[in-house]
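Below: the structure, in structure tokens.
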Amino acid sequence: MPGPHFLGSSLRMLAGLSISILSLAPGLRAQTWNNPGTGDWTQAANWTGGLPNSGTNAVINNGGTATLAGIGAAASLFVGSANTGTLSISSGGALSVASTTFIGSGSGTGFANISGGTWDTAGDFFTGYFRPGTLGVTGGTVTVGGNSYVAYSSTSGATISNGSWTTTGGLYVGVDAGLGGAGTLTINGGTVTALTVPLATDLGSTGTINLNGGALATTQIVESNGTGGGFLNFNGGTLRATANATSLIDGFETGDVQLLAGGGAIDTNGFAAGISTALQGAGGLTKQGAGVLTLSGASNYSGTTVVTGGTLNVTGSISGGDDITVQAGGSLSGTGSVSASTGNYLYLNGSLIVGNTSLGSPVSSVLDLATSGAGSTLMGAGSTLALDLFMRGGNLTGNTSAADHISLAGLLDATAGGTLVLGNPNGLSGFSVGDSWSLFDLISGPGSISGSIAVNASALNLGVGLAGDFDETTGVLSIINAIPEPTRALLILGGMSVVATRRRRHAPGLC
Numbered sequence: 005m006p007g008p009h010f011l012g013s014s015l016r017m018l019a020g021l022s023i024s025i026l027s028l029a030p031g032l033r034a035q036t037w038n039n040p041g042t043g044d045w046t047q048a049a050n051w052t053g054g055l056p057n058s059g060t061n062a063v064i065n066n067g068g069t070a071t072l073a074g075i076g077a078a079a080s081l082f083v084g085s086a087n088t089g090t091l092s093i094s095s096g097g098a099l100s101v102a103s104t105t106f107i108g109s110g111s112g113t114g115f116a117n118i119s120g121g122t123w124d125t126a127g128d129f130f131t132g133y134f135r136p137g138t139l140g141v142t143g144g145t146v147t148v149g150g151n152s153y154v155a156y157s158s159t160s161g162a163t164i165s166n167g168s169w170t171t172t173g174g175l176y177v178g179v180d181a182g183l184g185g186a187g188t189l190t191i192n193g194g195t196v197t198a199l200t201v202p203l204a205t206d207l208g209s210t211g212t213i214n215l216n217g218g219a220l221a222t223t224q225i226v227e228s229n230g231t232g233g234g235f236l237n238f239n240g241g242t243l244r245a246t247a248n249a250t251s252l253i254d255g256f257e258t259g260d261v262q263l264l265a266g267g268g269a270i271d272t273n274g275f276a277a278g279i280s281t282a283l284q285g286a287g288g289l290t291k292q293g294a295g296v297l298t299l300s301g302a303s304n305y306s307g308t309t310v311v312t313g314g315t316l317n318v319t320g321s322i323s324g325g326d327d328i329t330v331q332a333g334g335s336l337s338g339t340g341s342v343s344a345s346t347g348n349y350l351y352l353n354g355s356l357i358v359g360n361t362s363l364g365s366p367v368s369s370v371l372d373l374a375t376s377g378a379g380s381t382l383m384g385a386g387s388t389l390a391l392d393l394f395m396r397g398g399n400l401t402g403n404t405s406a407a408d409h410i411s412l413a414g415l416l417d418a419t420a421g422g423t424l425v426l427g428n429p430n431g432l433s434g435f436s437v438g439d440s441w442s443l444f445d446l447i448s449g450p451g452s453i454s455g456s457i458a459v460n461a462s463a464l465n466l467g468v469g470l471a472g473d474f475d476e477t478t479g480v481l482s483i484i485n486a487i488p489e490p491t492r493a494l495l496i497l498g499g500m501s502v503v504a505t506r507r508r509r510h511a512p513g514l515c
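The number in the numbering used here is simply the position in the sequence shown, starting from 1, with 4 added.
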């Protein structure tokens, strides 16, 4: 919950008056901006009582605009606390606030624009505290040591187009402390970083994030009130994980997380992150960075799915979209269902892993893979299919617990090559000729495999003379003799002898 959250409606109303109390508190003098136009923060004549410093509050509330391209300081900063006030920081500006920043508070309206320089606030940072506030960042760096709030019981917004905004604590968008709260955070570029990003905190509030570009880096985005007041819209931007997170996106209702026409990217950044909320919309999804992204919801979106790095692990479903591409170095894994819409393709240039995201799943798993119409699953020359074996001993094709398998609808085209990599998590040994497993459930009618898939059975530690053989027509893996039987070997040698004799008889220059 937000730090300054008040219990009881009367206390919440009094909270809006706390600003004037703070400014009059003993030992906290207020230096008030007196220029009704635009002036330089560093000019003492623009302030009543002299320049603010780390021991005095700074108040800009007379309709004027304070610009800062030099060094400025304040204990707490109030921009628009009794009227309209504006702060503008440009290249070379360095503002240090020892306690709290308020953009819009009391009975005023605040505006803050930073195009360069730095703005450091050691405590909390409010864009709209019971009154409207607007923050615009087109360059420079905003750093907050406490929590940041967009729309604390107000209607307020922050737009980041370049530069950075970093918050040590949480970044709350839309907080209801008695008067409602409607906050909007729009990221068009740059980077916004926070420990967590709660939306629509408390009943009566709404919070919206428009991720149009740039990046939002956090451990979690969560809708807090459970009444559908939080909205997350991807339209060209990137959500970047900053730690392992079981629920990177959490608490949203179906339809509240949208992949718009520009699509969205999720960078796991070397971590393991999960999303149970269904992803929907007209756009597509790009999985970036090392690490694992697990989708456990029923996602249905119209755009493409691209894995550029790490692993996209599907334990729920992905359906309804355009082409699915797993680039070299990337992996698609899971125990769920992955399907492209009719006529679209699954391009596999990396790895397809059944079960866990690495070989060594504890139990057998099934991954549903589907294409239809003119579409198919196309394996690249360097691509791999990774499945585990869990039992051995004779014909196990009818035992679904004996091995992982792929339930295939549509054509899997291995004309370009590809390799089946077998895992052995239980350390099985003693394999013999005739051992067999069903690795593909070729759905009657549309499921088929073309081309030839090589077999890497190194994890099985097969004995001398044994090899793994995959039958593309049945989807069955078998242990076979790698060295021909003696009778067949003699026939082969005899055939080679005849060929050699014929070649000697017809070699040029010989009679």
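Heads up, the beta-carbon is just placed ideally off N, CA and C, and yes, glycines get one too.
Contact belief for residue i with residue j at Cβ below 8 Å, rounded distance in angstroms
i	j	result
residue 356	residue 390	7 Å
residue 80	residue 103	4 Å
residue 284	residue 252	Residue 284 to residue 252, Cβ: 17 Å. No contact.
residue 480	residue 440	6 Å
residue 302	residue 286	With 8 Å as the limit, residue 302 and residue 286 do not qualify as a contact, their Cβ atoms being about 17 Å apart.
residue 155	residue 179	7 Å
residue 428	residue 393	6 Å
residue 100	residue 129	That belief does not hold up - the Cβ atoms of residue 100 and residue 129 are roughly 13 Å apart, past 8 Å.
residue 133	residue 112	With a Cβ gap of about 10 Å, residue 133 and residue 112 do not count as contacting.
Length of the line joining the Cα atoms of residue i and residue j
i	j	result
residue 477	residue 412	13 Å
residue 47	residue 168	28 Å
residue 65	residue 136	13 Å
residue 247	residue 297	12 Å
residue 494	residue 487	Because residue 494 sits at a pLDDT of 35, beneath the cut-off of 50, its placement in the model cannot be relied upon, and the following sentence gives the value as read from the coordinates. If you take the alpha carbons of residue 494 and residue 487, they lie about 12 Å apart.
residue 196	residue 354	31 Å
residue 444	residue 334	22 Å
residue 351	residue 309	10 Å
residue 139	residue 57	23 Å
residue 269	residue 482	41 Å
residue 289	residue 77	44 Å
residue 185	residue 208	7 Å
residue 325	residue 307	5 Å
residue 340	residue 234	27 Å
residue 262	residue 216	12 Å
residue 385	residue 420	5 Å
residue 245	residue 173	15 Å
residue 516	residue 319	For residue 516 there is no data in the structure shown, the boundaries of the chain being 5 and 515.
residue 405	residue 162	54 Å
residue 438	residue 446	21 Å
residue 27	residue 33	In this prediction, residue 27 scores a pLDDT of 39, lower than 50, which makes its location untrustworthy; the coordinate-derived value is nonetheless stated afterwards. Taking the straight line joining both Cα atoms gives about 6 Å.
residue 430	residue 312	31 Å
residue 584	residue 43	The structure shown does not extend to residue 584, since the chain is modelled only from 5 through 515, so no value can be given for it.
residue 131	residue 106	6 Å
residue 61	residue 110	15 Å
residue 183	residue 338	45 Å
residue 499	residue 304	With a pLDDT of only 39 at residue 499, under the threshold of 50, the placement of this residue in the model should not be trusted; the figure read from the coordinates follows. The alpha-carbon atoms of residue 499 and residue 304 are separated by roughly 59 Å.
Identified DSSP bridge partners for residue i
i	result
residue 89	114
residue 4	This structure gives no information on residue 4, because the portion of the chain shown stretches from 5 to 515.
residue 152	129, 175
residue 214	190, 237
residue 209	185
residue 331	Looking at the DSSP assignment, residue 331 forms no beta bridge with any residue, so it has no partner.
residue 163	140, 190
residue 367	According to DSSP, which records beta bridges pairwise, residue 367 is partnered with nothing at all.
residue 254	226
Proximity test, residue i beta-carbon vs the ligand NAD heavy atom, cut-off 7 Å
i	result
residue 309	Because no ligand of any kind appears in the structure shown, any question about the ligand NAD cannot be addressed here.
Exercise. Unbroken beta strand (DSSP E) runs of length 3 or more, entirely within the stretch 289-315: which are they?
Worked result: DSSP runs (the beta strand (DSSP E)) wholly in the stretch 289-315: 289-292, 295-299, 302-305, 309-311.
For this session: May I have a chain-ordered list of the beta strand (DSSP E) segments no shorter than 3 residues that lie completely inside the stretch 411-487?
Result: Every unbroken stretch of the beta strand (DSSP E) spanning 3 or more residues and falling wholly within the stretch 411-487 is given here in chain order: 415-418, 423-427, 440-442, 444-446, 452-455, 458-460, 470-475, 480-485.
Problem set entry | the stretch 410-424 contacting the stretch 455-471, beta-carbon criterion three pairs below 8 Å | Yes, since at least three Cβ pairs between the stretch 410-424 and the stretch 455-471 fall closer than 8 Å, the two stretches touch.
For this session: Count the CB pairs spanning the stretch 280-294 and the stretch 343-353 that are closer than 8 Å, and state whether there are at least three.
Result: Cβ pair count under 8 Å is below three, so no.
For this session: Kindly provide the ranges of any alpha helix (DSSP H) runs that are 4 or more residues long and lie completely inside the stretch 42-105, ordered along the chain.
Result: Taken in chain order, the complete alpha helix (DSSP H) segments of 4 or more residues contained in the stretch 42-105 number zero; there are none.
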